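full-length UniProt numbering puts the first residue of the sequence shown at 1, with every later residue one more than the last. Below is one structure, written out as structure tokens, with a few remarks after it.
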Amino acid sequence: MSDQANRQHMLACEARYWLRRGITTPEKVAELRETLKRRGESAVEQLIAEMRRQWLARTEWIGGEDG
């Protein structure tokens, strides 16, 4: 697996982790932003964007028809 593919896989895994922990509302996302702010704004925004992509595709990784 290339370095880029590895980083993307790790990002997707982390996004799923936070979604499974219930970070699904604007308020909780704001709390997560505050928690992760040491990473830098760009890294946090990248994670939030990946969380949105994973949320849209959640039936693929949660399993089942309704997610």
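Ideal placement from N, C-alpha and C gives every residue a C-beta, glycine not left out. Please read these numbers as outputs of a predicted model, since none were measured by experiment.
- The continuous alpha helix (DSSP H) containing L11 extends over residues D3 to R20.
- Taking 8 Å as the cut-off, the Cβ atoms of A15 and M51 count as close.
- Excluding five sequence positions before and after G63, none of the CB atoms of its chain fall closer than 8 Å to its own CB.
- S2 and A12 have their C-alpha atoms some 15 Å from each other.
- A49 carries a helical assignment under DSSP once its states are collapsed to helix, strand and coil.
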